[in-house]
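Q: Protein chains in written order, with the numbering used here: chain A, 19 to 678; chain B, 269 to 847.
#1: Taking only runs of the alpha helix (DSSP H) that begin and end inside the region 753-802 of chain B, which ones reach a length of at least 4 residues, in chain order?
#2: What does residue 312(A) touch in chain B if you count any residue whose Cβ is under 8 Å from its own?
#3: Sort out for me which residues DSSP pairs residue 286(A) with in a bridge.
#4: Below 7 Å between beta carbons is the criterion; list the residues of the region 665-697 of chain B that meet it against any residue of chain A, in chain order.
#5: When the distance is taken between beta carbons, is residue 569(B) closer than 9 Å to residue 312(A)?
#6: Leaving out the 5 sequence neighbours to the left and right, which residues in its chain are closer than 7 Å to residue 23(A) when beta-carbon positions are compared?
#7: What runs of the alpha helix (DSSP H), each 4 residues or longer, lie entirely inside the region 434-479 of chain B?
#8: Which residues, in order along the region 144-176 of chain A, keep a beta-carbon less than 8 Å from a beta-carbon of chain B?
#9: Tell whether a beta-carbon distance below 9 Å holds between residue 477(B) and residue 509(A).
#10: Which runs of the alpha helix (DSSP H) spanning at least 4 residues fall entirely within the region 379-435 of chain B, listed in chain order?
#11: Can you tell me which of the three DSSP states residue 331(A) falls into?
#12: What are the boundary residues of the beta strand (DSSP E) that residue 652(A) is part of?
#13: Compare the beta carbon distance of residue 762(B) and residue 687(B) with 9 Å and say whether it is the shorter of the two.
#14: Are the CB atoms of residue 349(B) and residue 393(B) within a distance shorter than 9 Å?
#15: Whole angstroms is fine: what's the gap from residue 833(B)'s alpha carbon to residue 612(A)'s?
#16: Can you tell me whether DSSP reads residue 215(A) as helix, strand or coil?
#17: What does the Cβ neighbour count give for residue 436(B), buried or exposed, with the cut at 16 atoms within 10 Å?
#18: Tell me the start and end of each unbroken alpha helix (DSSP H) in the region 213-294 of chain A that is at least 4 residues and wholly inside, in chain order.
#19: Going along chain B in order, which residues have a C-beta closer than 9 Å to the C-beta of residue 326(A)?
#20: Residue 774(B) to residue 805(B), Cα distance in whole Å?
#21: Quick one: which unbroken beta strand (DSSP E) runs of 3-plus residues sit fully inside the region 462-536 of chain A? Chain order, please.
#22: Which residues share a DSSP beta bridge with residue 624(B)?
#23: Within its chain, find whatever has a CB closer than 7 Å to the CB of residue 821(B); leave out the 5 residues flanking it on each side and keep chain order.
#24: Considering Cα atoms alone, identify which of 531(B), 530(B), 537(B), 379(B) is closest to residue 307(B).
#25: Report yes if the CB atom of residue 642(B) is closer than 9 Å to the CB atom of residue 635(B), and no otherwise.
#26: Take residue 620(A) and list the residues in its own chain whose beta-carbon comes closer than 6 Å to its own, dropping the five residues that flank it on each side.
#27: Residues of chain A with CB under 8 Å from residue 453(B), in chain order?
#28: Taking CB distances under 9 Å as the criterion, tell me whether residue 563(A) reaches chain B.
#29: Mind checking if residue 91(A) is an interface residue toward chain B, Cβ cutoff 9 Å exclusive?
#30: Counting only runs that start and end within the region 280-346 of chain B, where is the beta strand (DSSP E) found for 3 or more residues in a row?
#31: Could you check the C-alpha separation between residue 334(A) and residue 327(A) for me, to the nearest Å?
#32: Helix, strand or coil: how does DSSP classify residue 629(B) here?
#33: May I ask you to report which of helix, strand or coil DSSP gives residue 680(B)?
#34: Within 9 Å of any Cβ in chain B, is that where the Cβ of residue 513(A) sits?
#35: Looking at the secondary structure, which residues open and close the alpha helix (DSSP H) in which residue 114(A) lies?
#36: Measure how close the beta-carbons of residue 790(B) and residue 760(B) come, nearest whole angstrom, since I'm counting them as under 8 Å.
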């Protein structure tokens, strides 16, 4: 690599490759699973441990009886394993003693058999119950998370990356699952094991126990030193992985451009630079993660050796029994296991709590604002929809013009949904400081077609985002049939507005299901009728299985244009009186667009339609065209009027001016 | 195995030293119980202090040596496994760089990223584990068996019963659990795709008020996942108690038979305790092997995915290019009876016997409805795809005679689905020409009508673009992409629907440079709008992979029906738009 290039790359990645603090690591996502020294690291320290634990426990607290059984089993299992170990002492002593006999041996073995069987049974029962409990808890957790997620405002999805949300479902829920599954149990049994072993050791021989106790601080010190380093290298490894993954993702996405520009060599160079950097950091991280086992294990081998030697001396000098020595050296050799285990479990717990915290944070994200009290609902009747207006609500109280009211009863006024859309001095910004729409006012009569024209970022899509309340206005108000959208129940409002978006994403499922998404109770015949209106029928029947062809989310079996036609069919099947078309035919070529024009006219007839289109030919026959620039309407009128005005629209239409 | 030797060779010493050092640890572990038995049987029984101390110190030394072995083994295992996987990752990346567009079509972007990140990590973890366990488990097994036989051959017969049982259990469980794990993984994938859908389609879901519907769908796949997980886990949790059962009963048998031996005076107590330790070691190492197998299932699946990329046959290369040194000079393009289809077993051609010629410096406009083969046609010029039949000539020479590098150097292409990279605007533009001077950057961006908005940015050419160029508008992005291609100073410039988001007036100004800076460059323009190609020297109308007409605007309007249809779909028949 040329030095110049190397310097460039170093400068480019300097800040990105700096190891992140633990706190930043907590936020890092997507690259966690499976890397780094297992157990030797914590992905981050949780912040509000107590509440998180409480909340996590609430997922399993419904199974108190089962959990009690589990804990009894854990105690049984640990205690039996301790006793079984201890049982060797009398047996061996019997064998070496004066009155050694086969029957004595048999008796000892019988007791051991019972203990073993009890222990194993407890072990199985504990695991069997725990699997069920933890899987149920995980399922509940995922369901809750998903349900909360679907209630979150569009804003949440606009401001959080998909990868981030995704990793909450995968990595974070996984680590919580691991903890529920085994960690708590192991922690519990580890503590019993340590305490029990220590007790039995003291009981067997207190002098030898001292040796083991002296070894503990040494072990802890080693443990701490290793953990500290392994965390440090782990965090720098994570930073390197993150940077490299980002580079890989970007390059793979732009791979075709790389090829067209003969840029393969440069790409490989840059990749190699990052790969090399990762390699160096990863070796260190893996090494420190890997030496925990050998160092700790062999420290207890040292303690085993010391006990054997001093124990031997004690046997000779002090009359310590051989059986006691046998079990004692076994204890001292096994002593590091629970300590080691505990150290690892503590880290898993931290990782899991950090994960749980992220999951709960997503759950706690502010959902869409509540519908107001006494909100207006919409009742669907056979051939019309009615507003159901509670007389107790503000709208009914302030209502002066009652000419639209079709009927009333004790509690409610009823009014027909016609689909008039009014914007009164609407001002809005996604971030309050940056105003996207300034003082927009407009009125669409029921059944009219209103078009929005303007450059990217002029605020066209924002208007539609406000009408169905993906976002709420900052000032001004939006009215449907004279009713402020804020006082209509949100779900009912949205049910009465059908949208066709530029985004051509379809759901995994059959073509039939995808179209039916617009109205779940639609019959097959209605679906086919809608597809015909959208000119989608002819290509659908030529698909492998016709309407039953399974579509993949981003599958390649349909072209962009065909996907848009299915989206249009979805809107066609809906009976909503208001229709929003946001660049709905942008991927359909002009010739096909001409073909579907008739169908579109049918969909739009009897509905109030708001159209956003880049192609001016699609908006020509609108009742009114709004030209938006930098968040304001600068011109309005129908096609003819606007052309005569010789203003911005005229310039755009004749190609004298540009849409930027 | 041969396929992997290139990843092992550079780290051969680590691959050998790691397991060897691990053996040190294993030998120590095998020796320790025997030393302990000696202390009991020879030291304590004979009340020999010197012997006890001597053996005690020996044991401490062995333990310390074991630690050295363990730590060293960990180091070399890390070095070898990381080295192996980094090299492999580099090769995957390199392989993708060499892939043709047709090769790339086989893999989704996401799956390529996963292969380079997750899958290589899986392989690395497996290798690391194997290097540390590979000799350890068999070493413990063999060492343990040898020591057991040495201690008491008769008692060792217990193993003849225990070992086969354990092996059968392990093999059976692997056989049963693997397919269950696979089902579990499939259900997990399904759940994840559910989550992905709600994120991508949140606006659709909310506008149709389908939150509850989606919740039900999710709950269904969630409970499917739970059921399949339970099915797999039920087997796993059966494994552990079964193993302990076998181990415990083996211990009991050893104590029973060994006890009788001691009673008969044929065995020492110390040896019995050592024997028990060995039995535990032997059975434990088998357990270790079985867990290794379980753990490795994911890694082997990853390895298979990686191999798919590495073994992918590159279908376009320049190995047979006869004139590797040749450069594109003038830029004339000729198609001779070219046919092509993406799926070779399809009966329909995507391009059906296309023949035409365009002289250097001329402009060719291509128009046609979606799916008529426009993009495919131009992709064949820089050999992004190779023709199935017929030949494509650039400067009168078959494109397959050029080296890919030189051919693509001569052809500038602005793709329909274009991408900008994170970095500054000037970094992005310099993709076209790394050594471009500031003047050249400015000239190219002026030609592409991008100069104005670039200068309006606070940091001008040094303004940072987010990944994918998120902070410029669609039209601005397209103009940057054009500028990038212009900087390459290509002999042939292809614009594939690259001004769709640019308005007609700006587009018209961009076209002006066709007669200035790009006077001598052959220009091929695919467009939706008739106005974009109206002034071209010649316009080609593609319909269903065939040329439906070729000629100037006026000629086509008279003679070519599809052209007329497209034209009138964009222009009102009655009121001709003012020019």
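We put the beta carbon where it would ideally sit given N, CA and C, even for glycine. In this text the structure is predicted, and so the values were computed from the model without any measurement.
A: Based on what the coordinates show:
#1: 772-780, 798-801
#2: Here residue 312(A) corresponds to residue number 294 of the first chain, with the count starting at 1. The answer, in chain order, is 293, 334, 335, 337, 338, 339, 341, 342.
#3: Sequence index remark: in the first chain, residue 286(A) carries index 268 (1-based). Answer by DSSP bridge pairing: none, since residue 286(A) is not bridged.
#4: The residues in question are 673, 676, 677, 681, 683, 686, 687, 689, 690.
#5: Locating residue 312(A) in the first chain gives position 294, counting from the first residue. Locating residue 569(B) in the second chain gives position 301, counting from the first residue. Residue 312(A) is not a Cβ neighbour of residue 569(B), given a cutoff of 9 Å.
#6: Numbered from 1 along the first chain, position 5 holds the residue referred to as residue 23(A). Only 287 meet the Cβ criterion.
#7: 470-475
#8: Cβ contacts with chain B: 145, 146, 149, 150, 153, 154, 156, 157, 160, 161, 164, 165, 167, 168, 169, 172, 175.
#9: Taking the second chain and counting its residues from 1, the one referred to as residue 477(B) is at position 209. Taking the first chain and counting its residues from 1, the one referred to as residue 509(A) is at position 491. Yes, they are a contact pair.
#10: For the region 379-435 of chain B, the full-length alpha helix (DSSP H) segments reaching 4 residues or more read 388-401, 404-419, 421-424 along the chain.
#11: Counting from 1 along the first chain, the entry for residue 331(A) is found at position 313. Reduced to three states, the DSSP call for residue 331(A) is helix.
#12: Walking along the first chain from the start, residue 652(A) turns up at place 634. Segment 650-655, the beta strand (DSSP E) holding residue 652(A).
#13: As a working mapping, residue 762(B) is identified with position 494 in the second chain. As a working mapping, residue 687(B) is identified with position 419 in the second chain. No, these two residues do not count as a Cβ contact at 9 Å.
#14: Within the second chain, numbered from 1, the residue matching residue 393(B) stands at position 125. Within the second chain, numbered from 1, the residue matching residue 349(B) stands at position 81. Contact flag set, yes.
#15: Position 565 of the second chain, counted from the start, is the residue given in the question as residue 833(B). Position 594 of the first chain, counted from the start, is the residue given in the question as residue 612(A). About 9 Å.
#16: Your numbering for residue 215(A) matches position 197 in the first chain. Helix, per DSSP.
#17: For the purposes of this step, residue 436(B) is taken as the residue at position 168 of the second chain. Residue 436(B) should be labelled exposed.
#18: If we require 4 residues or more, the alpha helix (DSSP H) runs fully inside the region 213-294 of chain A come out as 224-271, 273-278.
#19: As a first step, residue 326(A) is located in the first chain; it is residue number 308 there, counting from the start. In chain order: 300, 303, 304, 307, 308, 320, 323, 324, 327.
#20: Here residue 774(B) corresponds to residue number 506 of the second chain, with the count starting at 1. Here residue 805(B) corresponds to residue number 537 of the second chain, with the count starting at 1. Approximately 20 Å between the Cα atoms of the pair.
#21: DSSP runs (the beta strand (DSSP E)) wholly in the region 462-536 of chain A: 467-472, 493-498, 515-518.
#22: Working through the second chain from its first residue, we reach residue 624(B) at position 356. DSSP, once it has assigned bridges, lists 603(B) as partnering residue 624(B).
#23: Reading the second chain from its first residue, position 553 is the one you call residue 821(B). Here the set comprises 802, 807.
#24: Here residue 307(B) refers to the residue found at position 39 when the second chain is read from its first residue. Closest by alpha carbon: 537(B).
#25: Translated into the one-based positions of the second chain, residue 642(B) becomes position 374. Translated into the one-based positions of the second chain, residue 635(B) becomes position 367. Result yes, Cβ atoms of residue 642(B) and residue 635(B) sit closer than 9 Å.
#26: As a first step, residue 620(A) must be located in the first chain, where it is residue number 602. Counting only Cβ-Cβ distances below 6 Å, and skipping sequence neighbours, we find 551.
#27: Taking the second chain and counting its residues from 1, one reaches residue 453(B) at position 185. Here the premise fails: no neighbours, minimum Cβ distance about 12 Å.
#28: By 1-based counting over the first chain, the position of residue 563(A) is 545. Chain B places no beta carbon closer than 9 Å to that of residue 563(A), leaving this residue out of the contacts.
#29: Your numbering for residue 91(A) matches position 73 in the first chain. Not one chain B Cβ lies under 9 Å of residue 91(A).
#30: none
#31: In the first chain, counting from the first residue as 1, residue 334(A) sits at position 316. In the first chain, counting from the first residue as 1, residue 327(A) sits at position 309. Answer to the nearest angstrom: the Cα atoms are 11 Å apart.
#32: Along the second chain, read from residue 1 onward, the residue named residue 629(B) stands at position 361. Looking at residue 629(B) - three-state DSSP - the assignment turns out to be coil, as it is neither helix nor strand.
#33: Locating residue 680(B) in the second chain gives position 412, where the first residue counts as 1. Correct three-state label for residue 680(B): strand.
#34: On the first chain, residue 513(A) is found 495 positions in, with the first residue counted as 1. Taking Cβ atoms only, chain B reaches closer than 9 Å to residue 513(A), which makes this a yes.
#35: The residue labelled residue 114(A) in the question sits at position 96 within the first chain. Segment 82-114, the alpha helix (DSSP H) holding residue 114(A).
#36: Against the second chain, residue 790(B) aligns to sequence position 522. Against the second chain, residue 760(B) aligns to sequence position 492. That belief holds up - the Cβ atoms of residue 790(B) and residue 760(B) are roughly 5 Å apart, short of 8 Å.
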